[in-house]
Structures are given as C-alpha cells and as structure tokens.
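Below you'll find the structure, written out as structure tokens, and then a few comments.
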Amino acid sequence: MISKNKKLFLKIYILFVIIISVALIVLQILGSKKRIGYLTEFNLNIDRTLELNNLNDIRKDFTVDGKLDEESIKNYLLTNENITNYVHHFRIRYYDKVFRNSDIYGVYPDLSNLPDYMENAEMDGDGSPYGNFISDKKTIEEDRIDNINYTLKVKTILIYSLFYTCICVLIIIYCIYLYFYSKGHKNLRLSFCILMSLFFIIFFILLIIQKGGYQLNVVLNGWDLFADFYNILRYIAERNPYFNEINGVAEKIYFPIAYLILYPFSLFRDYSNMSLYEVQTDAISNLSLVIFISFEILLFFIYLNKMNKQDKYSNLIIILIFFSSIILVSIERANLAFLTSSFVVIFIIYYKSDNKIERLIGLIALGLASALKIYPVLLGFLLLQERRYKDILIGSLITLSLIFLPFLFFENGFNNIPQLIGNLKLWKVNCNVTSGGRFGLSHLFYVFTRNSSDIFVNMINLITYLLILISIVYSFFIEEYWKKILLLTLITIQFPLTGYYCGGNIFPAIILFLSKEDYIKTDISYLILFSLYLMPLQIPSVSSFIIGSVVSIILWLMILIEAITKHTQTLKNKLTDYTKDFNNLKNDIIGL
Numbered sequence: 001m002i003s004k005n006k007k008l009f010l011k012i013y014i015l016f017v018i019i020i021s022v023a024l025i026v027l028q029i030l031g032s033k034k035r036i037g038y039l040t041e042f043n044l045n046i047d048r049t050l051e052l053n054n055l056n057d058i059r060k061d062f063t064v065d066g067k068l069d070e071e072s073i074k075n076y077l078l079t080n081e082n083i084t085n086y087v088h089h090f091r092i093r094y095y096d097k098v099f100r101n102s103d104i105y106g107v108y109p110d111l112s113n114l115p116d117y118m119e120n121a122e123m124d125g126d127g128s129p130y131g132n133f134i135s136d137k138k139t140i141e142e143d144r145i146d147n148i149n150y151t152l153k154v155k156t157i158l159i160y161s162l163f164y165t166c167i168c169v170l171i172i173i174y175c176i177y178l179y180f181y182s183k184g185h186k187n188l189r190l191s192f193c194i195l196m197s198l199f200f201i202i203f204f205i206l207l208i209i210q211k212g213g214y215q216l217n218v219v220l221n222g223w224d225l226f227a228d229f230y231n232i233l234r235y236i237a238e239r240n241p242y243f244n245e246i247n248g249v250a251e252k253i254y255f256p257i258a259y260l261i262l263y264p265f266s267l268f269r270d271y272s273n274m275s276l277y278e279v280q281t282d283a284i285s286n287l288s289l290v291i292f293i294s295f296e297i298l299l300f301f302i303y304l305n306k307m308n309k310q311d312k313y314s315n316l317i318i319i320l321i322f323f324s325s326i327i328l329v330s331i332e333r334a335n336l337a338f339l340t341s342s343f344v345v346i347f348i349i350y351y352k353s354d355n356k357i358e359r360l361i362g363l364i365a366l367g368l369a370s371a372l373k374i375y376p377v378l379l380g381f382l383l384l385q386e387r388r389y390k391d392i393l394i395g396s397l398i399t400l401s402l403i404f405l406p407f408l409f410f411e412n413g414f415n416n417i418p419q420l421i422g423n424l425k426l427w428k429v430n431c432n433v434t435s436g437g438r439f440g441l442s443h444l445f446y447v448f449t450r451n452s453s454d455i456f457v458n459m460i461n462l463i464t465y466l467l468i469l470i471s472i473v474y475s476f477f478i479e480e481y482w483k484k485i486l487l488l489t490l491i492t493i494q495f496p497l498t499g500y501y502c503g504g505n506i507f508p509a510i511i512l513f514l515s516k517e518d519y520i521k522t523d524i525s526y527l528i529l530f531s532l533y534l535m536p537l538q539i540p541s542v543s544s545f546i547i548g549s550v551v552s553i554i555l556w557l558m559i560l561i562e563a564i565t566k567h568t569q570t571l572k573n574k575l576t577d578y579t580k581d582f583n584n585l586k587n588d589i590i591g592l
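Numbering (this note's numbering), first residue to last: 1 to 592.
Written out as structure tokens, the structure is:
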C-alpha cells in the first residue's frame, strides 16, 4: 500500500512538471515569432537629459518646498541654446491583440532601423515596453514610428516562479508522504538533511545562473561588507568609543566587553585616521577579520556539534546549518552576535553538568552572552526553574562584573555609563521599525502594513513585551526540554529591533530537537518550520529576513499556545480530582 501511494505521488508530480515544461516551451516558441508594432508616446526625459548635459546641479534652482517643478525645468531645457542633445522617452505598442508585453511575456524590439535623428535607442531592460533615445530635436512631432519588429520571451520571473512552484509541490508531497504513509517521522534527521540539501542546491544553482541577482539578498551585500567588525576597530582605536564621532555616537551602544574583545585587533594600524574603505582594503585588517571570524565559527560549531547526536547524519547536519541564511548574514556582518550565540550554546551544554568547573564555565558563558547582547540573560530562568539560587547569585556577580568592570579599561571609566545611555536613546531614534534585517512583531507589522506611527509601534511593542512575560512564566511548565530551550531562546530574539544575525540563539533548540530519541508525527511541522527558518534560498520580493521573522513568530506562538493549553488542562484535571476528593469526603461524612 505504501509503495503504491509513493508511486502515485511520484507519477502525479512528474506529470505536473511535464505539463508546466511543455507549456513554457510552447509559449517560448509562439513568442519567438517576429511581429510588427510601433513606437509612440514620445516625451522629454528630464532626468536623463540633465544627466547627459551634466546639469544635475541645477535641480536645486527648480525645487520648491522639496518638490521639483518639472514644467519650469522643462522650459529651461527647451529654451537653453547651449543644450543640443535631448533624451526622449517612448514605449512600444502592438497591432497584435494577443502577443504583446504582459505578465507572461517581455518584449524585445529591433531598434536598428530607426530614423537618423534617433540615436542610441535602447529599452529599459528585462522585457520592458519602455525605452529612451538621444536626439538633437527638442520635441518629436511624429505621433508614431511604424514597422518596428519585435519578439517576445517568457519573463524570467515567471520561469522562476514556476520553478519554485514545482519545488514547493515536491516538498508538500514529500511532507504528506512523511506524515501519512512513511515512518519518516521516526528519522527526522534524514528528512532535515533532505529538505536543507534541496534548499541549498536550488540556492546555489540560482546564485550561479542569476550572477548577482536576488539570491544575494541572503546577505546585506555591498561596500558595507564586514562593517560591524571594521567600524569597531575605528571606534576603539583611541580607547574612547562612547565619545567617538565616527558615524555618530548613536553607533556606540555595546557594553564595553564587546569593545575590549576586539581592542587587540586595533593595535596594528592607526584606525582612527582610516576610512571604512581603507580599512576594508588593508591587508592587516583583513587578516584580523579572518582570525576573528574563524574563531567565532570554530567556537560556535565545535560546541554546537557537542550537542548533536553522533550518527551518520551528524556532520551533514552541521554543514547544512553552516550554510543557513542566518550564519551567512552573521559572517557577512562580522557581528559579535555570532560570538554571543556561541556562548549561549556553551551555557546550555554545561549549566546542568555534574562537574563544578563545567557549571562555572556555563555561568561565565551566560555572563559573556548577556554582556555582549543583553537579552540572553533570560536564559537564567533555567536556573531559577531548578531552584539553583547559589548559581543564580554567582552568575549574577559574573554578569555584572563583565558588564561594568571593562568600563575602567577605556577613557572616562564609569563616566561612560551616562554617555552610553544617551547613545542608546539616539540609536532608538535612528534605528526604527523601518530598518531592514530585523526580528520582532513591530518590524514585521511594518513590512506588511507600512505603518510606522508611534502609536501603532508602541502598541505592537506592548503586545510583544506582554507575550515575552507570559512566555517566561509558562516556560516553567514545559516538560519537553528542547521546547523549553526553544521558547526561552526565541524570546531573546523577539525584542523590538533585534538584528537578524542574532537568530543563531535558537540553534541549540534545533539541534536538541534533531537529537531527541522519539518523534511523533506532529514533529514534522517543526521540521518544516526549522528548515524554512534556516534555508538560504531567496524567494522573489521576499528576503530570508522576512521569512525567518515570520517563522520565528509562528514557532514562538506554537510553543506558547501548546504550553498554555497543556497547563490549563493540567489545572482542570487537578481541579476535577480535588472536586472528586471533596465529594467523596462529603459523602463519607454524610454516611457517618
């Protein structure tokens, strides 16, 4: 029966792929036939004309209340005798009522046989029906230019969308097969490897095909590369980071331990007098970067692998996690959040150890994580749940020491504290919900609603804090260890404006999930969500930042609702038992 269903699913999928492939081939063949259209809608392109004649600077003379007076600047261009070349905008129209530019087809006209006064004619690209040409004519008197040959090509976005659809259908079929017909839920480690490998292979293929297309959205590419590391070298070169004016004081918001860790790398160059570009292209700076990132990566994955169940899938799981979107972003930014996640992993490994030294290492790791990015301090509730008050005291002293003592290493000592508070206030003004690459409900609501009003944001933030408080309370009642860890690590990344590179905090929970002995069918939903959270694959118009944020909130609400439901049911059962006991006691008394 299982074999028959498996073959049926495979046949349906193959038929689905064949139909789509044939449809694309037919559309491509039909579109490749030459057809005739005409150019029309000629208008002066003000922006390109200004650029062509090196007149961009005159814009300010025609700007009123922040808006460009297009009529005035157009009159200026048409009456200025020194301007001899103009850029005109046009679009192509069609005689054929079916085969024309549409959601399916992009248009590619032949512009080689245009009148002599139309020079350097070119389309806007990607099959757009719009284009521009240069002419010595101020205005184009003709209403249209006929006999323009054009061909059509199926739009790339349509091909990619259908490709994604095929992949999604395959994943859905695979998950249905896992849930209903297979014993795959008994080995979700293999299923995880299959899904993540599939995502990575598609990502890699599209990255090569597109050559710098939207797959690069997996990182914040550009000359901002590794800026979180390079800029800190510039900030701390004079041991006075909180008052440093490079990029503004609002950028200096870390506790001093973060600057102290990176300070040794600043000793090899005079970074205080170097630009970001000079630092990025300096050999010593790049060597420092390689050493720092290598240390972060090794520390994180060595300890993450300690949590991982050792079997034939162990190495592959670690490799696939390495190529997750969150890890790639963390490396690209060279942010200390990667180091923070490493310390989170170390704490989770050692805080329950029977060895006193290892427990102390765990407490130090939690202190370092909290001093680098404050929110991991919430993992201290794991100690409170076990009533380990002595460890809580020791951990608190370690954390406070790591937060405050490093101030003494820098200029101004503890006087940096009020400056740090002021910097944080400025940072909150500059970095708001409109900033990209963030976790949190407020940023996600902005992405979907484009509402960034203070009232709206404050309301969403209030809901977030309330959910975090409820999550902390109900974490005490979760029995499955990996879910307890998942809930607490999830809330460390849900605070407003938390950077996407902090997403590594929940990796220990993912490893614990994949390493547990017994699975149930509903665990497949967690498998799919974890795979979506980690995948490097970029979907058009939707970056991994948005997908990761949505998935993290879904996971958060799933765990929280499950915890509330189970605890409520437990209370109901206890109340029922108490009622029965009371009634029995009452009947016994009456019987006497």
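Beta carbons: idealized from backbone N, C-alpha and C, even for Gly.
Rounded to whole angstroms, what's the CA-CA distance from G222 to N416? Just pull it up for me. At G222 the pLDDT is 49, less than 50, meaning the model places this residue with poor confidence; the figure from the coordinates comes in the next sentence. Answer to the nearest angstrom: the Cα atoms are 33 Å apart.
I'd like the span of the beta strand (DSSP E) that includes I92, first residue to last. Per DSSP, the unbroken beta strand (DSSP E) holding I92 starts and ends at Y86 to Y94.
Using the rule of at least 16 other Cβ atoms within 10 Å of the residue's Cβ for burial, across every protein chain shown, is L424 buried or exposed? That one is exposed.
Would you report the Cα separation of L78 and I58, rounded to the nearest angstrom? One C-alpha to the other measures close to 15 Å.
Kindly give me the distance between the Cβ atoms of Y235 and K252, rounded to whole angstroms, as I take these residues to be in contact under 8 Å. About 6 Å; that satisfies the 8 Å criterion.
Can you find at least 3 beta carbon pairs, one from the region 94-105 and one from the region 141-159, that sit closer than 8 Å? Here the region 94-105 makes contact with the region 141-159; the two share three or more CB pairs at distances below 8 Å.
Given a threshold of 16 other Cβ atoms within 10 Å of its Cβ, counted over all protein chains shown, does F495 qualify as buried or as exposed? Its Cβ being crowded by 16 or more others within 10 Å, F495 is buried.
At which residues does the alpha helix (DSSP H) containing R359 begin and terminate? K356 to L372 is the span of the alpha helix (DSSP H), which, as asked, contains R359.
Whole-angstrom distance between S435 and F410, CA atom to CA atom: In a straight line, the C-alpha of F410 is about 30 Å away from that of S435.
May I have the straight-line CA-CA distance separating L228 from E142, to the nearest angstrom? In the sequence as displayed, the identity of residue 228 is Asp instead of Leu. Those two C-alpha atoms are separated by around 56 Å.
Burial state of R189 (16 or more Cβ within 10 Å): Here R189 is buried. Its C-beta has 16 or more other C-beta atoms within 10 Å.
According to DSSP, is S452 helix, strand or coil? The answer is coil: DSSP assigns S452 none of H, G, I, E or B.
For a quick check, are the C-beta atoms of L368 and F404 less than 8 Å apart? Cβ atoms of L368 and F404: not closer than 8 Å.
Which of the three DSSP states is assigned to E411 in this structure? In the structure shown, E411 sits in coil (DSSP, three-state: anything other than H, G, I, E or B).
If you run the structure through DSSP and keep just helix, strand and coil, what is I134? I134 falls in the strand class under three-state DSSP.
Less than 8 Å separating the beta-carbons of P109 and M307? No.
Nearest-angstrom Cβ-Cβ length linking L379 and L366, presumed shorter than 8 Å: Their Cβ separation, rounded to whole angstroms, is 6 Å, which keeps L379 and L366 in contact under 8 Å.
Quick check on T49: does DSSP put it in helix, strand or coil? The three-state reading of DSSP puts T49 in helix, counting H, G and I together.
Give the straight-line distance between the Cα atoms of L497 and T464, rounded to the nearest whole angstrom. So the two alpha carbons sit approximately 12 Å from each other.
Determine the burial state of A237: buried for a count of at least 16 other Cβ atoms within 10 Å of its Cβ, exposed for fewer. Counting other Cβ atoms within 10 Å of its Cβ, A237 reaches 16 or more and is therefore classed as buried.
At what residues does the alpha helix (DSSP H) containing L44 begin and finish? No alpha helix (DSSP H) holds L44; the beta strand (DSSP E) holding it covers R35 to L44.
Through-space distance from V26 to H185, alpha-carbon basis: Model confidence at H185 stands at a pLDDT of 47, short of 50, so the residue's coordinates are unreliable and nothing is read from them.
At 4 residues or longer, what runs of the alpha helix (DSSP H) sit wholly inside the region 383-407? Listed in chain order, the complete alpha helix (DSSP H) runs (minimum 4 residues) inside the region 383-407 are 389-404.
Which residues share a DSSP beta bridge with V551? According to DSSP, which records beta bridges pairwise, V551 is partnered with nothing at all.
Could you give the residue range of the beta strand (DSSP E) that holds P508? Counting along the chain, P508 sits inside no beta strand (DSSP E); it lies in the alpha helix (DSSP H) bounded by residues F507 to S515.
Touch test, the region 36-46 against the region 67-84, Cβ-Cβ under 8 Å, three pairs minimum: At 8 Å Cβ cutoff, the stretches touch.
With which residues is G106 paired in a DSSP beta bridge? Paired residues: K153.
What residues are listed by DSSP as bridge partners for G422? Answer is none; G422 lacks a bridge partner.
If I measure Cβ to Cβ from N335 and keep anything under 6 Å in the same chain, skipping five residues before and after, which residues do I get? Answer for N335: D228 and Y501, listed in chain order.
Does DSSP put L68 in a helix, a strand or coil? Under the three-state reduction of DSSP output, L68 falls in the strand class.
Taking all protein chains shown into account, decide if T489 is buried (16 or more other Cβ within 10 angstroms of its Cβ) or exposed. It counts as buried.
Between which residues of its own chain and L408 is the CB-CB distance below 8 Å, once the five residues before and five after are set aside? Cβ neighbours of L408 beyond the five flanking positions: F414.
Under the rule that 16 or more other beta-carbon atoms within 10 Å means buried, what is L585, buried or exposed? Exposed is the call here.
Alpha-carbon to alpha-carbon, I561 and E358: Rounded to the nearest angstrom, the gap between the Cα atoms of E358 and I561 is 34 Å.
Under a three-way DSSP split, which group does N221 fall into? Residue confidence is low: N221 scores 49 on pLDDT, short of 50, so the model does not pin down where it sits. Its coordinate-derived value is still stated next. Coil.
Hey, could you find the ends of the beta strand (DSSP E) A630 is sitting in? Outside the modelled stretch of the chain, which goes from 1 to 592, sits residue 630, for which no answer is possible.
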